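Novice:
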């Protein structure tokens, strides 16, 4: 591929990302999600206050709703573990290299 085609594809990709972000912002999707979270929080606060007035034993876990979804699979968990192990070995190797280079500088 020549450089003009690569630049053209990069420009088109950046433009599409901008266009998608603009449409999401203009349709109010993000604000709608924030509004739903606020509504759930207000409802939980009302239940909390009512339970305190009634003298019930309250814990924070009863009022917080976890809406995050876990999309991980066994493949992603295994890949993450492998990447963490590789990262620790690379970190030790790089630290060792800099230690040797530091000894050369100090001598």
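Residue numbers (this note's numbering): 156 to 262. From the three backbone atoms N, C-alpha and C, an ideal C-beta is built for every residue, glycine too. No experiment lies behind these values; they were computed from the predicted model shown.
1) Residue 225 by DSSP, collapsed to three states: which one?
2) Cβ atoms of residue 213 and residue 207: under 8 Å apart, would you say?
3) Checking 8 Å against the spacing of the C-beta atoms, do residue 179 and residue 185 come in under that value?
4) Provide the residue span of the alpha helix (DSSP H) that contains residue 160, from first to last.
Specialist: The relevant details are as follows:
1) To locate residue 225, count along the chain shown from 1; it is residue 70. Judged by DSSP in its simplified three-state form, residue 225 adopts coil rather than helix or strand.
2) Working through the chain shown from its first residue, we reach residue 207 at position 52. Working through the chain shown from its first residue, we reach residue 213 at position 58. Cβ atoms of residue 207 and residue 213: closer than 8 Å.
3) Here residue 179 refers to the residue found at position 24 when the chain shown is read from its first residue. Here residue 185 refers to the residue found at position 30 when the chain shown is read from its first residue. Yes, Cβ-Cβ distance for residue 179 and residue 185 is below 8 Å.
4) As a position in the chain shown, residue 160 is number 5, starting the count at 1. Counting along the chain, the alpha helix (DSSP H) containing residue 160 begins and ends at 158-182.
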